[in-house]
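>
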Amino acid sequence: RCDRQKAEDTLRHFNGMVVGGETITAVLENEDHTPMEISTPIIEPVVKIEEEKKEEPKPMYSGDKVISERFAECKRVPKIPLSTPRAYASKIDDETVKPLLIELLGELMRLQKRAMEDKNAKARRRLVMGLREVARGIRAHKVKMVVMASNLDEYGVIDEKLQEILDLAKQEGVPVFFEFNKRGLGKAIGKSIKIGVIGVQNAEGAHQQFKKLTTLAQRHCIV
1 RCDRQKAEDT
11 LRHFNGMVVG
21 GETITAVLEN
31 EDHTPMEIST
41 PIIEPVVKIE
51 EEKKEEPKPM
61 YSGDKVISER
71 FAECKRVPKI
81 PLSTPRAYAS
91 KIDDETVKPL
101 LIELLGELMR
111 LQKRAMEDKN
121 AKARRRLVMG
131 LREVARGIRA
141 HKVKMVVMAS
151 NLDEYGVIDE
161 KLQEILDLAK
171 QEGVPVFFEF
181 NKRGLGKAIG
191 KSIKIGVIGV
201 QNAEGAHQQF
211 KKLTTLAQRH
221 CIV
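The sequence shown begins at 1 in the working numbering and counts up by one.
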């Protein structure tokens, strides 16, 4: 019985196998050369479990710098767009604020782009963008004014950085304006993308607008 079982197993293994383009037909015979009846085995389905290979997430960049995975992770999560301003965004009741900000940001962006095109190594950055860059700039006493979108996404890491900027700005006496949504803030610097926050580091070339906005901020007690 043992030998017959082995023979049947061998038959099943080789029967139907393709070798050199030819299909093998294997048959077991009795001693009188008649085909041997083979018992039908109960074959349990074999399930091949493959370990899912988790692909390493691709790095994300802010300019030419790699964003830390902690912040990149929140950027990859689909966001629910907000059409209305959030509670943190308190606008100044003065119709001159928004036009002044548009003039300020537009001119500083134009000058910054021109300096980059001229490859002027001595030119100071006029604007910085992004929650991390702006927070770092305030902490280093470089950012003198902040323009933050009124509808930043509600997400843990973003909210933490947002609050950090607001707290730092209050400590350092840096005015924060919330006159634009993300789309409008991008448009103010001539970009078609959404921008969350911009920090003004160097107002050279737009001192008049900067001075007026600073005066308005002091008048409305947002510094």
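In this text, a Cβ means the ideal position worked out from N, Cα and C, and glycines have one as well. The structure displayed is predicted, hence computed values, not measured ones.
I'd like the list of long-range same chain contacts for E103, defined as Cβ closer than 8 angstroms, with 5 residues on each side in sequence excluded.
Here the set comprises A206 and Q209.
> Could you please give me the residues that DSSP links to F177 through a beta bridge?
Bridge partners of F177: V147.
> What are the complete beta strand (DSSP E) segments, minimum 3 residues, inside the segment 163-215?
Within the segment 163-215, the complete beta strand (DSSP E) runs of at least 3 residues are 197-200.
> Do you know whose CA, among V66, K191, K187 and F177, lies nearest T215's CA?
The shortest C-alpha separation from T215 is found at F177.
> Output the distance between the C-alpha atoms of R139 and I195, rounded to the nearest integer angstrom.
Distance between the alpha carbons of R139 and I195 is about 21 angstroms.
> What three-state label does DSSP hand L127 in the structure shown?
Of the three classes helix, strand and coil, the one that applies to L127 here is strand, per DSSP.
> Okay, do the segment 143-160 and the segment 111-119 touch, 3+ Cβ pairs below 8 angstroms being the bar?
No, the segment 143-160 does not touch the segment 111-119.
> Is the number of C-beta pairs between the segment 159-167 and the segment 92-101 that are closer than 8 angstroms three or more?
No, the segment 159-167 is not in contact with the segment 92-101.
> Compute the Euclidean distance between the alpha carbons of Y61 and A203, then round it to the nearest angstrom.
So the alpha carbons of these two residues sit roughly 26 angstroms apart.
> Using 10 angstroms around the beta-carbon of D118, count the other beta-carbons present and answer buried if the total reaches 16, otherwise exposed.
The residue is exposed, with fewer than 16 neighbouring Cβ atoms inside 10 Å.
> Would E179 and I67 qualify as a contact pair, given that the criterion is a beta-carbon distance under 9 angstroms?
No, the pair does not count as a contact, with Cβ atoms beyond the cut-off.
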